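*Asks:* Residue numbers (my numbering): 55 to 170.
(1) For residue 145, which option in 83, 88, 112 has the closest C-alpha, if you only look at C-alpha atoms?
(2) In its own chain, which residues sit with a C-beta less than 8 Å from the C-beta of residue 74, not counting the 5 before and 5 after it?
(3) With residue 165 as the anchor, note down where its beta strand (DSSP E) starts and where it stops.
(4) Under the DSSP definition of a beta bridge, which residues are partnered with residue 91?
(5) Do residue 159 and residue 140 count as a contact pair if the criterion is CB distance below 8 Å?
(6) So who's on the other strand from residue 137, going by DSSP bridges?
(7) Buried or exposed, going by whether 16 or more other CB atoms sit within 10 Å of the CB of residue 87?
(8) Sorted by chain position, which residues of the same chain lie with C-beta nearer than 8 Å to residue 150's C-beta, five sequence neighbours on each side aside?
(9) If we call anything under 8 Å between Cβ atoms a contact, is residue 89 one with residue 76?
(10) Out of 169, 170, 164, which one is the CA nearest neighbour of residue 105?
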């Protein structure tokens, strides 16, 4: 999937629901990176599994909870359960060095779907 801002980097992005979410998020946020993590990334998703996404944005003046509200707003009408975490570049870089942190786990075990 090509976007005006970057390229989807993993073939799993050919899931039509995931592709639509990725398109909406990249159009709305112009993120640096978007990762898929959790059961869908591990290939263990069941019929009721949600999509767990972590999006890294360059910077934001909004608190994290507001960024995540905006991400959910961009995904209104996508017919799937989802969790979207939105970290700034600085937050992601600071936390990824802590082995037990979510950013470190996502970087190790998640799938990079998009990179600007």
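All residues carry an ideal CB built from backbone N, CA and C; glycine is no exception. Quick caveat, the model's predicted, so the values are computed rather than measured.
*Replies:* So, to answer that:
(1) Per the Cα distances, 112.
(2) 132
(3) 165–169
(4) 106
(5) Against a cut-off of 8 Å, the Cβ pair of residue 159 and residue 140 comes out as no contact.
(6) 106
(7) buried
(8) 157, 158, 161
(9) no
(10) 164
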